[in-house]
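Asker:
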């Protein structure tokens, strides 16, 4: 079972490559941008919002990242 998706987002001055891997234990997504920074994207069902944990923040807004991740897996919450 392949739980990793790779997708890109074009910003005005560069293209960011995202690697997203679904974590079966935490039910979050381990995200790596351009093989340099990593963080976890998680969904809080109590208030139906997305957030990140870890040392780094995403290069794009969290809600936009969540939409891209969901689209790459073909499942939306």
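Numbering (the working numbering), first residue to last: 19 to 95. Glycine included, every Cβ here is placed at the ideal spot set by N, Cα and C.
(1) What do you reckon, are the CB atoms on residue 51 and residue 79 nearer than 9 Å?
(2) Going by beta-carbon coordinates alone, are residue 25 and residue 35 separated by less than 9 Å?
(3) So for residue 29, helix, strand or coil by DSSP?
(4) Quick one: Cα of residue 55 to Cα of residue 72, how far?
(5) Considering only their Cβ atoms, is the gap separating residue 70 from residue 86 smaller than 9 Å?
Answerer: With the structure as the only source:
(1) In the chain shown, residue 51 corresponds to position 33, counting from 1. In the chain shown, residue 79 corresponds to position 61, counting from 1. No; because the gap between Cβ atoms is not below 9 Å, this pair is not in contact.
(2) Taking the first residue of the chain shown as 1, we reach residue 25 at position 7. Taking the first residue of the chain shown as 1, we reach residue 35 at position 17. Yes, the Cβ-Cβ distance between residue 25 and residue 35 is below 9 Å.
(3) Numbered from its first residue, the chain shown carries residue 29 at position 11. The answer is coil: DSSP assigns residue 29 none of H, G, I, E or B.
(4) If you number the chain shown from 1, residue 55 lands on position 37. If you number the chain shown from 1, residue 72 lands on position 54. Going by the C-alpha atoms only, they are around 10 Å apart.
(5) Here the question's residue 86 lines up with position 68 in the chain shown. Here the question's residue 70 lines up with position 52 in the chain shown. Their beta carbons are not under 9 Å apart, which means residue 86 does not touch residue 70 by this criterion.
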